[in-house]
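Position in the sequence shown (from 1) plus 238 gives the number in the numbering used here.
Ideal Cβ placement from N, Cα and C applies to all residues, glycine included.
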Amino acid sequence: MKARLPKGMGGGPSNMQHLMKQAQKMQEDMEAKKEELAAKEYEIKAGGGAVTLVINGEKVIKTLEIDPEIVDPDDIETMSDILIAAFNEAIKRVEADAEEQMSKITGSLNMPGLF
(Lines of atoms letter the chains of each structure in order from A and count residues from 1; the text may use other names and numbers.)
(Lines give C-alpha, C1' and ligand atoms only; values in the text may rest on other atoms or scores of the structure.)
Protein backbone atom coordinates (compact mmCIF):
# COMPACT_ATOMS: atom_id res chain seq x y z
CA MET A 1 0.00 0.00 0.00
CA LYS A 2 1.38 3.38 -1.01
CA ALA A 3 1.45 6.29 1.39
CA ARG A 4 -0.46 9.26 0.10
CA LEU A 5 0.21 12.89 0.74
CA PRO A 6 -2.68 15.11 1.74
CA LYS A 7 -4.45 16.86 -1.11
CA GLY A 8 -2.43 19.81 -2.37
CA MET A 9 0.79 18.43 -0.91
CA GLY A 10 1.60 16.16 -3.81
CA GLY A 11 4.70 16.50 -5.89
CA GLY A 12 4.89 17.87 -9.34
CA PRO A 13 6.59 20.91 -10.75
CA SER A 14 3.51 23.14 -10.86
CA ASN A 15 2.77 22.58 -7.17
CA MET A 16 6.38 23.33 -6.23
CA GLN A 17 6.31 26.50 -8.34
CA HIS A 18 3.10 27.55 -6.63
CA LEU A 19 4.65 27.01 -3.19
CA MET A 20 7.75 28.97 -4.21
CA LYS A 21 5.60 31.87 -5.44
CA GLN A 22 3.65 31.85 -2.18
CA ALA A 23 6.87 31.88 -0.16
CA GLN A 24 8.27 34.72 -2.25
CA LYS A 25 5.07 36.76 -1.84
CA MET A 26 5.11 36.15 1.91
CA GLN A 27 8.72 37.29 2.09
CA GLU A 28 7.92 40.46 0.11
CA ASP A 29 4.90 41.18 2.32
CA MET A 30 7.01 40.68 5.44
CA GLU A 31 9.71 43.07 4.20
CA ALA A 32 7.10 45.72 3.41
CA LYS A 33 5.52 45.26 6.85
CA LYS A 34 8.94 45.52 8.56
CA GLU A 35 9.50 48.88 6.85
CA GLU A 36 6.02 50.04 7.81
CA LEU A 37 6.51 49.01 11.44
CA ALA A 38 9.95 50.63 11.62
CA ALA A 39 8.42 53.98 10.66
CA LYS A 40 5.47 53.64 13.05
CA GLU A 41 5.56 55.62 16.30
CA TYR A 42 4.00 54.66 19.63
CA GLU A 43 3.21 57.08 22.46
CA ILE A 44 3.50 55.67 25.97
CA LYS A 45 2.45 57.40 29.18
CA ALA A 46 3.54 56.33 32.65
CA GLY A 47 3.18 57.62 36.17
CA GLY A 48 -0.33 58.86 35.51
CA GLY A 49 0.89 60.86 32.52
CA ALA A 50 3.89 62.35 34.33
CA VAL A 51 6.19 60.75 31.75
CA THR A 52 5.43 60.54 28.05
CA LEU A 53 7.71 58.91 25.54
CA VAL A 54 7.51 58.23 21.85
CA ILE A 55 9.27 55.17 20.46
CA ASN A 56 9.42 53.93 16.89
CA GLY A 57 9.11 50.40 15.55
CA GLU A 58 12.88 49.98 15.63
CA LYS A 59 12.72 50.52 19.41
CA VAL A 60 14.42 53.91 19.22
CA ILE A 61 13.17 56.51 21.70
CA LYS A 62 12.23 59.62 19.71
CA THR A 63 11.04 61.92 22.50
CA LEU A 64 10.84 61.86 26.28
CA GLU A 65 8.81 64.38 28.25
CA ILE A 66 8.91 64.55 32.04
CA ASP A 67 6.48 66.64 34.05
CA PRO A 68 8.65 68.96 36.19
CA GLU A 69 6.30 68.30 39.12
CA ILE A 70 7.70 64.78 39.55
CA VAL A 71 11.33 65.88 39.54
CA ASP A 72 12.33 65.67 43.19
CA PRO A 73 16.07 65.56 43.87
CA ASP A 74 15.32 63.81 47.16
CA ASP A 75 13.31 61.04 45.45
CA ILE A 76 15.16 60.00 42.32
CA GLU A 77 14.06 56.40 42.87
CA THR A 78 10.41 57.18 42.08
CA MET A 79 11.33 58.95 38.87
CA SER A 80 13.60 56.05 37.91
CA ASP A 81 10.76 53.59 38.51
CA ILE A 82 8.40 55.63 36.32
CA LEU A 83 10.99 55.86 33.52
CA ILE A 84 11.71 52.13 33.66
CA ALA A 85 7.97 51.37 33.52
CA ALA A 86 7.59 53.65 30.48
CA PHE A 87 10.56 52.10 28.65
CA ASN A 88 9.43 48.54 29.36
CA GLU A 89 5.85 49.25 28.29
CA ALA A 90 7.11 50.89 25.09
CA ILE A 91 9.22 47.86 24.15
CA LYS A 92 6.37 45.45 24.93
CA ARG A 93 3.94 47.45 22.80
CA VAL A 94 6.31 47.59 19.81
CA GLU A 95 7.02 43.84 20.02
CA ALA A 96 3.35 42.91 20.45
CA ASP A 97 2.33 45.03 17.47
CA ALA A 98 5.10 43.54 15.31
CA GLU A 99 4.08 40.00 16.30
CA GLU A 100 0.41 40.71 15.57
CA GLN A 101 1.14 42.29 12.19
CA MET A 102 3.48 39.47 11.12
CA SER A 103 1.01 36.78 12.18
CA LYS A 104 -1.48 38.32 9.75
CA ILE A 105 1.02 37.63 6.97
CA THR A 106 2.34 34.25 8.06
CA GLY A 107 -1.04 32.88 9.09
CA SER A 108 -0.70 29.78 11.21
CA LEU A 109 3.04 29.41 10.64
CA ASN A 110 4.88 29.81 13.92
CA MET A 111 8.06 31.77 13.26
CA PRO A 112 9.57 32.72 16.64
CA GLY A 113 12.31 35.31 16.67
CA LEU A 114 11.14 36.87 13.44
CA PHE A 115 11.53 40.30 14.99
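Nonlocal neighbours in the same chain, by C-beta distance under 6 Å from residue i, ignoring five residues either side
i       : result
Val-292 : Glu-279, Glu-281, Lys-300 and Thr-301
Val-309 : none
Host beta strand (DSSP E) of residue i (start-end)
i       : result
Val-289 : 289-294
Lys-278 : Premise fails: Lys-278 is in no beta strand (DSSP E) and is neither H nor E.
Residues that DSSP places opposite residue i in a beta bridge
i       : result
Thr-301 : Val-292
Residue i burial status per 10 Å Cβ neighbour count (16 or more: buried)
i       : result
Val-298 : exposed
Ala-328 : buried
Ala-324 : buried
Close-in-space but distant-in-sequence residues of the same chain around residue i (CB under 8 Å, 5 per side omitted)
i       : result
Ile-320 : Ala-284, Gly-285, Ala-288, Val-289 and Ile-308
Ala-277 : Asn-294 and Gly-295
Cβ pair residue i, residue j closer than 9 Å
i       : j       : result
Asp-335 : Gly-295 : yes
Ile-343 : Lys-259 : no
Gln-339 : Glu-273 : no
Span of the alpha helix (DSSP H) around residue i
i       : result
Ile-308 : No alpha helix (DSSP H) holds Ile-308; DSSP gives it neither H nor E.
His-313 : At residue 313 the sequence reads Asp, which differs from the His that was named. It is not in any alpha helix (DSSP H) - Asp-313 carries neither H nor E in the DSSP assignment.
Residue i beta carbon near the ligand FMN (any heavy atom closer than 8 Å)
i       : result
Ile-299 : The ligand FMN is absent from the structure shown, which contains no ligands of any kind.
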